[in-house]
Amino acid sequence: MGSISGRKCLRVLENLEKIQAIELLCASQALEFVRPLKTSPILEKVQARVREDIPHFEKDEIFSTAINKAIAIVQSGDLLNIAEGVN
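Encoded structure:
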């Protein structure tokens, strides 16, 4: 039973990464709608990091590529480094 639980836990964590990536995309897109207003310096750095790989969406698109890029950003640890002030 331990190995089954471990696999389920891994699946939950993978799904959580996907959820975080989609939330990151939504938040980044929302920040663009309130420009020229700015948010906190840390969130501006997060926004800049996201926009390095994923452009602002101007129209409806297939988002799977952007979601995969956002998952890679989440997995890279860059956002954690920004939050901790490393970057």
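Taken in order, the sequence shown gives residues 17 to 103; the numbers are from our numbering. Glycine included, C-beta positions come from ideal geometry on N, C-alpha and C. Treat the numbers as computed from the prediction; the structure is a model and nothing was measured.
- Just measuring C-alpha positions, the residue of I78, V62 and C42 sitting nearest E100 is V62.
- Taking all protein chains shown into account, A46 has fewer than 16 neighbouring C-beta atoms within 10 Å of its C-beta and is therefore exposed.
- Each of E74, H72 and E68 was checked against the Cα of A88, and the nearest Cα belongs to E68.
- The C-alpha of T81 lies about 27 Å from the C-alpha of P57.
- Counting of Cβ neighbours within 10 angstroms places L32 among the exposed residues, the total staying below 16.
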